[in-house]
Amino acid sequence: MNVDLVVVGSGFFGLTVAERCAAELGLRVLVLERRDHIGGNAYSEDEPETGIEIHRYGAHLFHTSNERVWEYANRFTRFTGYQHRVYTTFKDRVYPLPINLGTICAYFGRAFTPDEARALIAEQAAEITPGREPRNLEEKAVSLIGRPLYEAFIRGYTAKQWQTDPLDLPAEVITRLPVRYTFDNRYFSDTHEGLPVDGYTAWLERMADHPNIEVRLGVDFFDLRDDLAGRVPVVYTGPLDRYFGYAEGDLGWRTLDFELEVRETGDFQGTAVMNYADEDVPYTRIHEFRHFHPERRYYPDDRTVIMREFSRSAERGDEPYYPVNTADDRARLLRYRELARREDGVLFGGRLGTYQYLDMHMAIASALGMVDNRLRPHFTEGER
Ligand code: UDP
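1 is the number of the first residue of the sequence shown in UniProt numbering; add one for each residue after it.
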């Protein structure tokens, strides 16, 4: 085979590696993609009836404070000025997220100054001894926002998202959610944020559009593995446990089910993402895609596309989305990492290949790091 490098998977990690190796190192890169489209879970397409861009694998919002990643992304796409905001419905009332002064005032039904709100939450959070390391998600959340807000906005949603007792979930799950004592309800605090002007797929296709890159869709690496073994270096971004035939057991993942629906209205919910905090609502959130691109004048004004999101435990064969990361998973991961370290000629990367929840910007940053630290030295200095 006439290639210098095989990249397994065409998500952001795989495409960043492929693009840099082709454009900067002049390598011939073969990208193998099991699905019938590129882009991994960032893939987007136009819903055929309405022409509204949908994210088939859940909403993807681009944000980063990493200047190198931002500069790199801007080589392939321009970004809109979209700023993500999320609301949550709890007991038939709507509140802004992440939890901020607006949420606190609305929930407790009166006006609070920032200092008053801090004092209130400090009092409600005092059941977790200040300074003591929270042992699990519930303790972490209560220490940040107090029990009433935890029970309203976190407990039910987290129970649906993880189907695991919050006492058994790691505290880190919640550290993604800031708490603010201002009315700022931007979801992300990064320097740069926006959505690709002509969609994710156009961006991803431009990354793959290089004469030295060949992408083969609908090809499972494991069908070719024996032919490739040892003959060409591989960057593998598929599931780590699958690579090793699940020898150390399955790594736990959450999967998502999506229900897409075209509605006969120009606006279903007035915002891009509405979370549902009540435990008896079976879905965690509803996405309404038109609101990601208010600048697109060509979207119909009498129809809209919504997508309900449901979370459940992944079986083999389901799409893995969120690493569950129980203590057993972490022990298995260490054993898989050791196997990966000893696997000659193969580098493991990306969300699936490292069993890590990576935002898009983190996947790109991590791929650029792999090129810097492993691939460029290997190919330019003959180092291994
Ligand atoms: N979360 C919650 N209530 C919400 C939103 C998030 O309890 O309304 C918790 C939940 O445990 C979730 C975590 O915060 O798993 C991270 O949420 P985020 O919205 O960052 O997750 P993502 O958008 O990546 O699914």
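Heads up, the beta-carbon is just placed ideally off N, CA and C, and yes, glycines get one too.
As the structure is a prediction and not an experimental result, all values here were calculated from the model.
Taking K160 and E279 to be in contact with their CB atoms under 8 Å, please state how far apart those CB atoms are, rounded to whole angstroms. 6 Å
Local Cβ density within 10 Å of residue 385, reported as buried at 16 or more and exposed below that: This structure cannot settle anything about residue 385, because the visible part of the chain is limited to 1 through 384.
Report, in whole angstroms, the separation of the C-beta atoms of T284 and E309, which I expect to be a contact under 8 Å. 5 Å
Quick check: the Cα distance between P130 and S143, rounded to an integer number of angstroms? 8 Å
Whole-angstrom distance between L375 and E343, CA atom to CA atom: 15 Å
Just the C-alpha distance for Y82 and L358, rounded to the nearest angstrom, thanks. 21 Å
Looking only at its chain, what residues have a beta carbon closer than 7 Å to the beta carbon of R384, apart from the 5 residues adjacent to it on each side? Unreliable placement is indicated for R384, whose pLDDT of 46 sits below 50; the coordinate value is still reported in the next sentence. Excluding residues within five positions, the ones whose Cβ falls inside 7 Å are H378.
Report yes if the C-beta distance between N212 and L167 is below 8 Å; otherwise report no. no
R135 - containing beta strand (DSSP E), residue span: Neither: R135 is in no beta strand (DSSP E) and is coded neither H nor E.
Sequence-distant residues of the same chain with beta carbon closer than 6 Å to residue 385, five excluded per side: No statement about residue 385 is possible, as the shown extent of the chain runs from 1 to 384 and does not include it.
If contact is defined by three or more beta carbon pairs under 8 Å, each pair taking one atom from either stretch, is the segment 233-241 in contact with the segment 344-364? yes
So for residue 388, helix, strand or coil by DSSP? What the structure shows of the chain is the stretch from 1 to 384, and residue 388 is not part of that stretch, so it cannot be assessed.
Can you find a heavy atom of the ligand UDP that lies under 7 Å from the Cβ of T255? no
For a test of the three-state rule: what should DSSP assign to Y236, helix, strand or coil? strand
How many angstroms separate the CA atom of G252 from the CA atom of T113? 43 Å
Do you know how far the Cα of E71 is from the Cα of V305? 32 Å
If you reduce the DSSP assignment to three classes, tell me which class R290 lands in. helix
What residue range does the alpha helix (DSSP H) around V219 cover? Per DSSP, V219 belongs to no alpha helix (DSSP H) and is neither H nor E.
Does the contact criterion of 3 or more C-beta pairs under 8 Å hold for the segment 354-368 versus the segment 317-327? yes
Mind checking P96: buried by the 16 CB within 10 Å criterion, or exposed? buried
Can Q161 be considered in contact with the ligand UDP, in the sense that its beta carbon sits closer than 7 Å to one or more heavy atoms? yes
Beta carbon of R290, beta carbon of Y276: below 8 Å? no
On the three-state DSSP scale, how would you describe R384? Summary for R384: the model assigns pLDDT 46, below 50, so the residue's position carries little reliability, and this model does not support an answer.
S366 and F13 closer than 8 Å at C-beta: yes
What does the alpha-carbon distance come out to for the pair L149 and T50? 38 Å
P96: first and last residue of the uninterrupted alpha helix (DSSP H) it sits in: Premise fails: P96 lies in the beta strand (DSSP E), R93 to L97, not in any alpha helix (DSSP H).
Going by DSSP in three states, D257 sits in which element: helix, strand or coil? strand
In this structure, what does DSSP give as the bridge partners for N275? T88 and R285
Flag this pair as yes or no: are the beta carbons of D220 and R34 separated by less than 8 Å? yes
Measure the C-alpha to C-alpha separation of L32 and G353 and round it to an integer number of angstroms. 15 Å
Is the beta carbon of L97 within less than 7 Å of some heavy atom of the ligand UDP? yes
I'd like the span of the alpha helix (DSSP H) that includes D329, first residue to last. A327 to R342
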